[in-house]
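Undergrad:
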Amino acid sequence: MTGPDSNKIFAAILIAGITAYLAAFVADRVVAPEVKLEKNAVEVEGGDVAGGGPAAKTGPEPIMHLIASADVARGEKLSKACAACHSFDNGGANMVGPNIYGVVGGPKAHSASFAYSDGMTSKGGSWDYDSLNKFLYKPKAFIDGTKMNYVGLKKPEDRAAMIAWLRTLGSSSYGLPSDAQIAAEKAELAPEPEVSEEEGAEDGSEEAAAADDFAEPVTPAASH
C-alpha cells in the first residue's frame, strides 16, 4: 500500500502511540504522585501510642471483705491440691511441707520439727489475713527463697475460700477481719485512682452547671 492511504495509516499509528504514552505519564504524575512528607501531617502529643495508658496492675486483690461470706466447701475442695505436701489434722505429721492445722493467725514457721527456708524463718510475724492473701497469691513473691513450689491462687474468691476453710481448722477463735482492716487492705491493694487537677476542675464545673440547672429562678423585685 502506497500513497496517501499509507500515510494516513502511519499517522494514525503514530498518534495512537503518542496518546498512550501521554495517558501513562499523566496517570503516573497526577493520579498517584510520589510525595515524601518531611513530617507527619498531624502531630500527636503524648509519646508512643503503644506505650500509653496506665500500667497493668500486678499483685493480689483485696480479699478480707470476702472472707466472712466465703464458700468454705469450695476452700476444702481447693485444698485437695495441697494434700500431697501438707497434712491438715491436729497433730498431723510434717510431709514435704509442714502440718498447717491452726495456721490462720498462728506464727510463721510454727513447726519446730520442720526445716523451713531461711526466707520463711526470717520473715517473722503471724499468718494474718494480709499475709495469707499475699502468700497464697504467689508464694515465691511473698517469701524469698521459699521451698513451696506452688504457682498460687489467682482468683480472690478462691483465696478467700481457702482462708475461710483453713480458719475452721483450729483457728475459729481468730477474729474475722474488722472494718478498719478491710479498709486498710483496700487502700493498699486497690487504691482509688488519683484525679488530676484538670479533671477535678472539670468535675467542679459540671457540678456547678448541674446546680445551676436545678436552681430556682430569681424573680426581680417589683419597683416601688
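Numbered according to my numbering, the sequence shown spans residues 92 to 315. Virtual Cβ for every residue (Gly too), placed ideally from N, Cα, C.
Would you mind sorting Gly-137 into buried or exposed? The rule is 16 or more other CB atoms within 10 Å of its CB.
TA: Along the sequence shown, read from residue 1 onward, the residue named residue 137 stands at position 46. Confidence at Gly-137 is low in this model, with a pLDDT of 44, below 50, so the placement of that residue is unreliable and no value is reported for it.
Undergrad: Return the chain-ordered list of same chain residues with a C-beta closer than 8 Å to the C-beta of Asn-185, the five sequence neighbours on each side being excluded.
TA: As a position in the sequence shown, residue 185 is number 94, starting the count at 1. Hits under 8 Å: Ser-178, Ser-202, Ser-204, Phe-205.
Undergrad: Taking 7 Å as the cut-off, is the C-beta of Lys-225 nearer than that to any heavy atom in the ligand NAD?
TA: With respect to the ligand NAD, the structure shown offers nothing to examine, as it has no ligands at all.
Undergrad: Between which two residues does the alpha helix (DSSP H) holding Glu-279 run?
TA: Mapped onto the sequence shown, residue 279 falls at position 188. Residues 270-280.
Undergrad: Would you call the segment 146-166 and the segment 182-196 in contact, with 3 or more CB pairs under 8 Å?
TA: The answer is no - the segment 182-196 does not touch the segment 146-166, with fewer than three Cβ pairs under 8 Å.
Undergrad: Can you tell me whether Pro-282 is buried or exposed, with buried defined as 16 or more other CB within 10 angstroms of its CB?
TA: If you number the sequence shown from 1, residue 282 lands on position 191. With fewer than 16 Cβ atoms within 10 Å of its Cβ, Pro-282 is classed as exposed.
Undergrad: According to DSSP, is Ser-222 helix, strand or coil?
TA: Numbered from 1 along the sequence shown, position 131 holds the residue referred to as residue 222. In this structure, Ser-222 counts as helix in the three-state DSSP scheme.
Undergrad: What separation, rounded to the nearest whole angstrom, lies between the Cα atoms of Glu-276 and Ala-175?
TA: For this step, residue 276 is matched to residue 185 along the sequence shown. For this step, residue 175 is matched to residue 84 along the sequence shown. Computed Cα separation, rounded: 31 Å.
Undergrad: Determine the direct distance from the alpha carbon of His-156 to that of Ile-273, and round the result to whole angstroms.
TA: As a working note, residue 273 is residue 182 in the sequence shown. As a working note, residue 156 is residue 65 in the sequence shown. Using only the alpha carbons, I get a separation of about 6 Å.
Undergrad: Between the Cα of Gly-193 and the Cα atoms of Leu-169, Glu-279, Ala-255, which residue gives the shortest distance?
TA: Position 102 of the sequence shown holds residue 193. Nearest option by C-alpha distance: Ala-255.
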